[in-house]
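Report on one structure; see the data block that follows.
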Amino acid sequence: MEIIMPRNFNLRESLKFTTYLDTTVDDSEYIYDYINMSTVEPFGMLLISSKIRKFLSVKGDSSHCAIEYKDKDYAAHMGYFQSVNLDHGKKPGEANGSSTYIPLTHIDIKESYIEAFNKSISINEYIEKVYAEKLAGMLCRENEEIKNKLIYCISEIIRNVYEHSKSNLLCFAGQYWPTKDLVEIAILDEGEGIASTLKRNKKFLIKSDKQALRLSLKPGVTRSINSNTKNNNDVYINQGFGLYMTSKICENGGNFTICSGNHCLTVQNNDIINNKCSFEGTAIRLRLKPSRLLDINLIDISKKGQEIMNNVNRKSEITADSFI
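The numbering of the sequence shown is our numbering, which starts it at -18 and goes up by one.
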(Lines of atoms letter the chains of each structure in order from A and count residues from 1; the text may use other names and numbers.)
(Lines give C-alpha, C1' and ligand atoms only; values in the text may rest on other atoms or scores of the structure.)
Protein backbone atom coordinates (compact mmCIF):
# COMPACT_ATOMS: atom_id res chain seq x y z
CA MET A 1 0.00 0.00 0.00
CA GLU A 2 1.29 3.46 -0.89
CA ILE A 3 1.00 6.19 1.74
CA ILE A 4 1.17 9.67 0.25
CA MET A 5 2.87 11.98 2.73
CA PRO A 6 1.47 15.52 3.15
CA ARG A 7 2.73 18.41 1.04
CA ASN A 8 2.84 20.68 4.08
CA PHE A 9 3.94 19.42 7.47
CA ASN A 10 1.92 22.10 9.22
CA LEU A 11 -0.80 21.98 11.87
CA ARG A 12 -3.73 21.36 9.54
CA GLU A 13 -2.10 18.68 7.41
CA SER A 14 -0.42 16.87 10.29
CA LEU A 15 -3.75 16.53 12.11
CA LYS A 16 -5.37 15.16 8.95
CA PHE A 17 -2.51 12.70 8.55
CA THR A 18 -3.00 11.24 12.04
CA THR A 19 -6.61 10.31 11.21
CA TYR A 20 -5.76 9.22 7.66
CA LEU A 21 -3.15 6.74 8.87
CA ASP A 22 -5.77 5.06 11.04
CA THR A 23 -7.84 4.28 7.92
CA THR A 24 -5.12 2.33 6.13
CA VAL A 25 -5.90 -1.32 5.43
CA ASP A 26 -3.72 -4.21 6.49
CA ASP A 27 -1.05 -4.97 3.92
CA SER A 28 2.23 -6.82 3.66
CA GLU A 29 4.07 -3.72 2.45
CA TYR A 30 3.78 0.04 3.05
CA ILE A 31 5.51 2.60 0.83
CA TYR A 32 5.80 6.16 2.14
CA ASP A 33 5.94 8.60 -0.77
CA TYR A 34 7.48 12.00 0.04
CA ILE A 35 7.38 13.42 -3.49
CA ASN A 36 4.98 16.22 -2.48
CA MET A 37 6.78 17.19 0.73
CA SER A 38 7.42 20.93 0.72
CA THR A 39 6.86 23.13 3.77
CA VAL A 40 7.88 21.57 7.08
CA GLU A 41 7.27 23.04 10.53
CA PRO A 42 8.35 21.83 14.00
CA PHE A 43 4.92 20.70 15.21
CA GLY A 44 4.10 18.88 11.98
CA MET A 45 7.40 17.03 11.97
CA LEU A 46 7.04 15.97 15.61
CA LEU A 47 3.43 14.81 15.30
CA ILE A 48 3.79 12.99 11.98
CA SER A 49 7.03 11.27 12.96
CA SER A 50 5.54 10.08 16.25
CA LYS A 51 2.45 8.77 14.47
CA ILE A 52 4.61 6.90 11.96
CA ARG A 53 6.76 5.35 14.69
CA LYS A 54 3.60 4.04 16.33
CA PHE A 55 2.37 2.74 12.97
CA LEU A 56 5.70 0.97 12.37
CA SER A 57 5.35 -0.71 15.75
CA VAL A 58 1.74 -1.81 15.18
CA LYS A 59 2.50 -3.02 11.65
CA GLY A 60 5.74 -4.72 12.64
CA ASP A 61 5.06 -7.83 10.55
CA SER A 62 4.85 -5.78 7.34
CA SER A 63 7.72 -4.33 5.32
CA HIS A 64 8.17 -0.54 5.21
CA CYS A 65 10.10 1.64 2.79
CA ALA A 66 10.15 5.25 1.63
CA ILE A 67 10.64 6.91 -1.76
CA GLU A 68 11.29 10.42 -3.10
CA TYR A 69 12.79 11.78 0.13
CA LYS A 70 16.52 12.19 -0.47
CA ASP A 71 16.19 15.73 -1.84
CA LYS A 72 14.31 17.03 1.22
CA ASP A 73 17.33 18.73 2.74
CA TYR A 74 15.72 20.82 5.47
CA ALA A 75 13.73 17.94 6.95
CA ALA A 76 16.84 15.76 6.74
CA HIS A 77 18.95 18.35 8.56
CA MET A 78 16.29 18.78 11.26
CA GLY A 79 16.40 15.04 12.00
CA TYR A 80 12.97 14.11 10.66
CA PHE A 81 13.90 11.12 8.51
CA GLN A 82 16.09 9.49 11.15
CA SER A 83 13.16 9.93 13.57
CA VAL A 84 11.02 7.66 11.34
CA ASN A 85 13.77 5.03 11.12
CA LEU A 86 15.17 6.09 7.74
CA ASP A 87 18.97 6.19 7.48
CA HIS A 88 19.09 9.64 5.92
CA GLY A 89 20.11 13.03 7.26
CA LYS A 90 20.99 13.89 10.82
CA LYS A 91 19.75 12.04 13.86
CA PRO A 92 17.35 13.83 16.25
CA GLY A 93 19.38 16.28 18.29
CA GLU A 94 22.50 15.89 16.14
CA ALA A 95 22.30 19.25 14.36
CA ASN A 96 23.86 22.02 16.41
CA GLY A 97 20.89 24.35 16.15
CA SER A 98 21.24 28.13 16.02
CA SER A 99 19.49 31.34 17.01
CA THR A 100 16.79 30.51 14.46
CA TYR A 101 16.11 26.80 15.00
CA ILE A 102 16.18 23.89 17.41
CA PRO A 103 16.29 20.53 15.58
CA LEU A 104 13.99 17.63 16.36
CA THR A 105 15.27 16.45 19.71
CA HIS A 106 14.45 13.16 21.43
CA ILE A 107 15.09 12.92 25.17
CA ASP A 108 15.20 9.55 26.90
CA ILE A 109 13.47 10.42 30.16
CA LYS A 110 15.19 7.72 32.21
CA GLU A 111 18.61 8.81 30.95
CA SER A 112 17.94 12.44 31.84
CA TYR A 113 17.22 11.40 35.44
CA ILE A 114 20.66 9.80 35.48
CA GLU A 115 22.27 12.92 33.99
CA ALA A 116 20.60 15.12 36.59
CA PHE A 117 21.83 12.82 39.35
CA ASN A 118 25.38 12.93 37.95
CA LYS A 119 25.24 16.73 37.94
CA SER A 120 23.97 16.71 41.55
CA ILE A 121 20.86 18.71 40.69
CA SER A 122 17.17 17.89 40.95
CA ILE A 123 15.30 16.77 37.86
CA ASN A 124 13.19 19.96 38.07
CA GLU A 125 16.29 22.15 37.96
CA TYR A 126 17.67 20.03 35.13
CA ILE A 127 14.47 20.50 33.10
CA GLU A 128 14.59 24.26 33.63
CA LYS A 129 18.27 24.75 32.84
CA VAL A 130 18.71 22.26 29.99
CA TYR A 131 15.37 22.45 28.17
CA ALA A 132 13.09 25.28 29.28
CA GLU A 133 15.64 28.09 29.09
CA LYS A 134 16.60 27.08 25.55
CA LEU A 135 12.98 26.92 24.35
CA ALA A 136 11.87 30.08 26.13
CA GLY A 137 14.89 31.94 24.79
CA MET A 138 13.75 31.25 21.25
CA LEU A 139 10.18 32.36 21.98
CA CYS A 140 11.12 35.58 23.75
CA ARG A 141 14.37 37.33 22.88
CA GLU A 142 14.07 40.72 24.56
CA ASN A 143 11.50 40.96 27.36
CA GLU A 144 13.18 39.32 30.38
CA GLU A 145 10.00 39.36 32.48
CA ILE A 146 8.03 37.38 29.93
CA LYS A 147 11.03 35.18 29.16
CA ASN A 148 11.36 34.21 32.82
CA LYS A 149 7.66 33.37 33.09
CA LEU A 150 7.86 31.35 29.89
CA ILE A 151 10.76 29.41 31.39
CA TYR A 152 8.56 28.54 34.37
CA CYS A 153 5.58 27.71 32.16
CA ILE A 154 7.55 25.50 29.79
CA SER A 155 9.22 23.86 32.79
CA GLU A 156 5.80 22.87 34.09
CA ILE A 157 4.73 21.49 30.71
CA ILE A 158 7.86 19.33 30.58
CA ARG A 159 7.63 18.35 34.26
CA ASN A 160 4.13 17.05 33.62
CA VAL A 161 5.61 14.82 30.92
CA TYR A 162 8.15 13.47 33.41
CA GLU A 163 5.84 13.07 36.38
CA HIS A 164 2.46 12.16 34.94
CA SER A 165 2.45 11.15 31.27
CA LYS A 166 4.14 7.76 31.78
CA SER A 167 6.05 8.46 28.56
CA ASN A 168 9.57 7.17 27.97
CA LEU A 169 10.29 9.91 25.44
CA LEU A 170 10.19 13.70 25.39
CA CYS A 171 10.40 15.39 21.97
CA PHE A 172 10.75 19.06 21.05
CA ALA A 173 11.75 21.31 18.16
CA GLY A 174 11.63 24.99 17.28
CA GLN A 175 11.91 27.48 14.43
CA TYR A 176 12.19 31.26 14.19
CA TRP A 177 11.22 32.99 10.94
CA PRO A 178 12.57 36.58 11.28
CA THR A 179 10.91 37.82 8.08
CA LYS A 180 7.55 36.58 9.36
CA ASP A 181 8.10 37.85 12.91
CA LEU A 182 7.11 34.35 14.02
CA VAL A 183 8.42 31.69 16.41
CA GLU A 184 7.09 28.14 16.78
CA ILE A 185 7.98 25.71 19.56
CA ALA A 186 6.59 22.16 19.63
CA ILE A 187 6.70 19.77 22.60
CA LEU A 188 5.44 16.18 22.42
CA ASP A 189 5.27 13.06 24.55
CA GLU A 190 4.04 9.55 23.76
CA GLY A 191 2.40 8.89 27.10
CA GLU A 192 -1.17 8.18 28.13
CA GLY A 193 -2.69 11.56 27.23
CA ILE A 194 -4.39 14.48 28.97
CA ALA A 195 -7.75 12.81 29.71
CA SER A 196 -6.21 9.83 31.49
CA THR A 197 -3.92 12.10 33.49
CA LEU A 198 -6.66 14.46 34.68
CA LYS A 199 -9.03 11.61 35.52
CA ARG A 200 -6.74 10.67 38.37
CA ASN A 201 -8.34 13.56 40.24
CA LYS A 202 -11.84 12.32 41.06
CA LYS A 203 -13.04 15.90 41.40
CA PHE A 204 -12.84 16.35 37.64
CA LEU A 205 -15.79 15.19 35.54
CA ILE A 206 -14.37 14.36 32.11
CA LYS A 207 -16.37 12.61 29.41
CA SER A 208 -14.26 13.32 26.33
CA ASP A 209 -10.82 14.35 25.13
CA LYS A 210 -12.29 17.71 24.13
CA GLN A 211 -13.46 18.36 27.69
CA ALA A 212 -10.08 17.25 29.06
CA LEU A 213 -8.17 19.67 26.82
CA ARG A 214 -10.44 22.58 27.73
CA LEU A 215 -10.01 21.78 31.40
CA SER A 216 -6.23 21.43 31.17
CA LEU A 217 -5.90 25.09 30.16
CA LYS A 218 -7.74 26.42 33.20
CA PRO A 219 -5.84 28.00 36.13
CA GLY A 220 -5.02 25.67 38.99
CA VAL A 221 -5.81 22.44 37.16
CA THR A 222 -2.22 21.28 36.69
CA ARG A 223 -1.54 21.82 40.40
CA SER A 224 -4.19 19.22 41.19
CA ILE A 225 -2.05 16.51 39.64
CA ASN A 226 1.34 18.08 40.35
CA SER A 227 2.39 17.60 43.93
CA ASN A 228 6.14 18.09 43.44
CA THR A 229 7.21 21.53 42.24
CA LYS A 230 10.55 23.23 42.53
CA ASN A 231 9.74 26.94 42.43
CA ASN A 232 7.96 27.21 45.74
CA ASN A 233 8.21 31.01 45.66
CA ASP A 234 6.70 31.32 42.17
CA VAL A 235 2.97 32.01 42.20
CA TYR A 236 2.30 30.81 38.68
CA ILE A 237 3.82 27.38 39.15
CA ASN A 238 2.53 26.88 42.69
CA GLN A 239 -1.00 27.50 41.51
CA GLY A 240 -0.79 25.30 38.44
CA PHE A 241 -0.70 28.28 36.10
CA GLY A 242 1.73 26.71 33.61
CA LEU A 243 -0.59 25.79 30.74
CA TYR A 244 -2.97 28.62 31.59
CA MET A 245 -0.27 31.30 31.48
CA THR A 246 1.39 29.83 28.40
CA SER A 247 -1.87 29.63 26.46
CA LYS A 248 -2.81 33.21 27.44
CA ILE A 249 0.61 34.58 26.49
CA CYS A 250 0.39 32.81 23.13
CA GLU A 251 -3.24 33.85 22.66
CA ASN A 252 -2.25 37.50 23.03
CA GLY A 253 0.91 37.22 20.96
CA GLY A 254 0.10 34.40 18.55
CA ASN A 255 -1.72 31.13 19.22
CA PHE A 256 -1.55 28.01 21.35
CA THR A 257 -2.42 24.45 20.31
CA ILE A 258 -2.75 21.27 22.37
CA CYS A 259 -3.63 17.83 20.98
CA SER A 260 -4.38 14.59 22.79
CA GLY A 261 -6.57 11.59 22.03
CA ASN A 262 -9.10 12.37 19.31
CA HIS A 263 -9.13 16.14 19.74
CA CYS A 264 -7.02 19.20 19.04
CA LEU A 265 -7.71 22.63 20.51
CA THR A 266 -6.22 25.93 19.34
CA VAL A 267 -6.59 29.18 21.28
CA GLN A 268 -6.28 32.32 19.17
CA ASN A 269 -7.66 35.87 19.34
CA ASN A 270 -10.05 35.06 22.23
CA ASP A 271 -11.45 32.19 20.19
CA ILE A 272 -11.18 28.40 20.42
CA ILE A 273 -10.72 26.35 17.25
CA ASN A 274 -11.52 22.63 17.49
CA ASN A 275 -10.16 19.93 15.18
CA LYS A 276 -10.10 16.16 15.06
CA CYS A 277 -6.91 14.20 15.45
CA SER A 278 -5.69 10.77 16.49
CA PHE A 279 -2.76 10.77 18.88
CA GLU A 280 -2.33 8.76 22.06
CA GLY A 281 0.10 11.11 23.78
CA THR A 282 0.10 14.90 24.07
CA ALA A 283 1.43 17.39 21.53
CA ILE A 284 1.69 21.14 22.18
CA ARG A 285 2.48 23.99 19.81
CA LEU A 286 3.38 27.51 20.95
CA ARG A 287 3.35 30.23 18.30
CA LEU A 288 4.33 33.81 19.06
CA LYS A 289 5.05 37.03 17.23
CA PRO A 290 8.03 38.46 19.17
CA SER A 291 7.11 42.04 18.26
CA ARG A 292 3.79 41.70 20.13
CA LEU A 293 5.20 40.41 23.42
CA LEU A 294 5.72 43.87 24.88
CA ASP A 295 1.95 44.41 24.76
CA ILE A 296 1.21 41.43 27.03
CA ASN A 297 0.21 42.31 30.59
CA LEU A 298 1.25 39.39 32.80
CA ILE A 299 -0.22 40.93 35.94
CA ASP A 300 -3.69 41.20 34.41
CA ILE A 301 -3.52 37.62 33.13
CA SER A 302 -2.46 36.26 36.51
CA LYS A 303 -5.04 38.28 38.47
CA LYS A 304 -7.84 37.02 36.25
CA GLY A 305 -6.59 33.47 36.62
CA GLN A 306 -6.47 33.81 40.41
CA GLU A 307 -10.06 35.08 40.53
CA ILE A 308 -11.29 32.22 38.35
CA MET A 309 -9.41 29.63 40.38
CA ASN A 310 -10.71 30.95 43.72
CA ASN A 311 -14.31 30.66 42.52
CA VAL A 312 -13.87 27.17 41.10
CA ASN A 313 -12.05 25.77 44.15
CA ARG A 314 -15.27 26.05 46.13
CA LYS A 315 -16.97 23.47 43.89
CA SER A 316 -17.06 19.79 44.82
CA GLU A 317 -17.13 18.67 41.19
CA ILE A 318 -15.38 20.43 38.33
CA THR A 319 -15.84 20.47 34.56
CA ALA A 320 -14.45 22.86 31.95
CA ASP A 321 -17.74 24.78 32.14
CA SER A 322 -17.09 25.46 35.83
CA PHE A 323 -14.63 28.15 34.78
CA ILE A 324 -17.09 30.18 32.70
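A virtual CB, placed ideally from N, CA and C, is assigned to each residue, including glycine.
Check                                                                                                                                                         : Outcome
Taking 8 Å as the cut-off, decide whether the C-beta atoms of Lys270 and Asp162 are in contact.                                                               : yes
Cα-Cα, which of Asn243, Lys147 and Asp14 is closest to Ala193?                                                                                                : Asn243
In terms of residues, what are the limits of the alpha helix (DSSP H) holding Lys32?                                                                          : Pro23 to Val39
Assuming Gly201 and Cys134 make a contact with CB atoms under 8 Å, what is their CB distance in whole Å?                                                      : That pair is no contact at about 14 Å.
With distances taken between CB atoms, is the gap from Ile83 to Phe153 smaller than 8 Å?                                                                      : yes
Just the Cα atoms here: how many angstroms apart are Tyr94 and Tyr157?                                                                                        : 30 Å
Does the Cβ-Cβ distance between Tyr55 and Tyr15 come in under 8 Å?                                                                                            : no
Kindly indicate the opening and closing residues of the beta strand (DSSP E) around Ile(-15).                                                                 : Glu(-17) to Ile(-15)
Can you tell which of Asn141, Gln249 and Tyr112 has its C-alpha closest to the C-alpha of Leu179?                                                             : Asn141
Per DSSP, what kind of secondary structure is Arg273 in: helix, strand or coil?                                                                               : helix
Within the region 37 to 64, note down every full alpha helix (DSSP H) run reaching 4 residues or more, in order along the chain.                              : 54 to 59 and 61 to 64
Identify the continuous beta strand (DSSP E) that holds Phe307 and give its terminal residues.                                                                : Nothing can be reported for residue 307: it is not among the residues displayed for the chain, which extend from -18 to 305.
What do you get for Thr4, buried or exposed, if any count of 16 or more other CB atoms within 10 angstroms of its CB means buried?                            : exposed
Relative to the C-alpha of His45, which candidate in Lys91, Asn291 and Asp8 has its C-alpha closest?                                                          : Asp8
Between which two residues does the beta strand (DSSP E) containing Glu144 stretch?                                                                           : Counting along the chain, Glu144 falls outside any beta strand (DSSP E), though it belongs to the alpha helix (DSSP H) covering Glu125 to His145.
Rounded to whole angstroms, what's the CA-CA distance from Thr247 to Arg122? Just pull it up for me.                                                          : 24 Å
Alpha carbons only, please: which of Arg195, Lys130 and Glu(-17) is nearest the one belonging to Ile48?                                                       : Glu(-17)
Grab the span of the alpha helix (DSSP H) containing Leu246 for me, first residue to last.                                                                    : Taken as a continuous stretch (DSSP letters only), Leu246 belongs to no alpha helix (DSSP H), being part of the beta strand (DSSP E) at Gly235 to Gln249.
Compute the distance between the beta-carbons of Ser241 and Ala176, then report whether it is under 8 Å.                                                      : yes
As a quick exercise: from Asn291, Glu288 and Leu275, pick the residue whose alpha carbon is nearest that of Glu126.                                           : Leu275
So, using beta-carbon positions, are Glu114 and Gly262 closer together than 8 Å?                                                                              : no
Could you check what DSSP says for Leu163 in three-state terms: helix, strand or coil?                                                                        : strand
Leaving out five residues on either side along the sequence, give the residues of the same chain with a beta carbon under 6 Å from the beta carbon of Arg268. : Glu165, Gly235 and Asn236
If we ignore side chains and look at the alpha-carbon of each, how far apart do Asn233 and Asn250 end up?                                                     : 7 Å
Suppose you measure from the CA of Met26 to the CA of Leu85; what does that come to, to the nearest Å?                                                        : 8 Å
Quick test of your reading: Ala97 and Tyr107, contact by CB under 8 Å. State the CB separation rounded to the nearest angstrom.                               : 4 Å
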